[in-house]
Amino acid sequence: MGFFDNLWDGVKSAGGWVLDHSGDIASAVGTVGKVAGLLTLDNSTHAFSADAILNSQAIETDSRKLAKYHQNFASVSDQLAATAESGVKAPPKTTGKTTTVDDSLVGLWTDPKGLSSDGKPSTSMYHDLSAFMGTMNIPVSWKDDSGHVHDTVNEIGQVLFAKTGPQALVELSKSENPIAKVNAEVSTQDGYIHACHVYYPIPMGNDNNSLHSAIHLSYTKNA
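The sequence shown maps to residues 812 to 1034 in my numbering.
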């Protein structure tokens, strides 16, 4: 986990963590395979070929699904990242000079809690989002002209993690398409952040879920 508290950001280690900790490996492996097919369907202009992929997955044996698991997990990670990046709104055109920094965070939230009872991101998810923003030199707080201090991590995390709590993920996991996407936009002292979070729950047993996700941030500021 290293740099982060609650997020495995290495594809191989994240995929391995699921197998090591899931109480329902068949469901976990099956979900990753299903999402791989659904993302192929979303990104394909050939519906027939995508449907064929989903149908072939439905008749695959558990051992075959397990054999393809790591390949599917890596493929899904790449597709989540691409979907999050393409989902970020383009920065508005301005007359002054600006600079834009983009980056993606792809990984597995091992114990996603979404928002706390006060409506703010849970402690571990707040920490990891803050750490990611720090790598991009995005200010985590700033004071406006009225003297109000804005917590940038909190403001953007409230939107990105609004439906990633345990109960919300249980409900999402029951849907035919368990992939969710949410956009957020917040101001900073010298610009603004556009973000997109694409994710799906992986069942870990006993109504617990990990969260395979990609967050793309685009930070535009005055040059």
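We put the CB at the ideal spot given by N, CA and C, even for glycine.
State the DSSP-derived secondary structure class of residue i, mapped to helix, strand or coil.
{"i": "I836", "result": "helix"}
{"i": "A942", "result": "helix"}
{"i": "L877", "result": "helix"}
{"i": "T921", "result": "coil"}
{"i": "A861", "result": "Any reading at A861 must be qualified, since the residue scores a pLDDT of 46, below 50, and its modelled position is unreliable; no value is offered."}
{"i": "T934", "result": "helix"}
{"i": "V1009", "result": "strand"}
{"i": "D914", "result": "strand"}
{"i": "T872", "result": "coil"}
{"i": "G821", "result": "coil"}
{"i": "G958", "result": "coil"}
{"i": "T894", "result": "helix"}
{"i": "T851", "result": "helix"}
{"i": "T905", "result": "coil"}
{"i": "D831", "result": "helix"}
What is the residue span of the alpha helix (DSSP H) that residue i lies within?
{"i": "V970", "result": "963-971"}
{"i": "A979", "result": "977-984"}
From the options, pick the residue whose C-alpha is nearest to that of residue i; which is it?
{"i": "W953", "options": "Y1003, L916, D939", "result": "Y1003"}
{"i": "I967", "options": "S1021, G958, Q978, Y1030", "result": "Y1030"}
{"i": "H881", "options": "V843, T910, T906, T911", "result": "V843"}
{"i": "P977", "options": "S886, S897, A991, N1019", "result": "N1019"}
{"i": "M936", "options": "S957, F972, T963", "result": "F972"}
{"i": "L980", "options": "H1027, D962, P923", "result": "P923"}
{"i": "H938", "options": "H959, I949, D955, V964", "result": "V964"}
{"i": "P1014", "options": "F814, H832, W819, F815", "result": "H832"}
{"i": "D913", "options": "L850, G841, N948", "result": "N948"}
On the DSSP letters alone, give me the boundaries of the beta strand (DSSP E) that residue i sits inside.
{"i": "L1028", "result": "1019-1033"}
{"i": "N994", "result": "991-999"}
{"i": "K954", "result": "952-954"}
Using 8 angstroms as the threshold, is the C-beta distance between residue i and residue j below it?
{"i": "L830", "j": "L919", "result": "no"}
{"i": "A847", "j": "S886", "result": "yes"}
{"i": "T975", "j": "G925", "result": "yes"}
{"i": "L983", "j": "A995", "result": "no"}
{"i": "F884", "j": "G834", "result": "no"}
{"i": "F815", "j": "A895", "result": "no"}
Can you round the beta-carbon distance between residue i and residue j to whole angstroms, since I take them to be within the 8 angstroms contact cut?
{"i": "S986", "j": "H1008", "result": "17 angstroms between Cβ atoms; not a contact."}
{"i": "S915", "j": "A892", "result": "5 angstroms"}
{"i": "T921", "j": "N1033", "result": "The pair is not a contact, with the Cβ atoms about 38 angstroms apart (cut-off 8 angstroms)."}
Determine, using beta carbons only, whether residue i comes closer than 8 angstroms to chain B.
{"i": "E982", "result": "Absent from the structure: chain B. Only one protein chain is present."}
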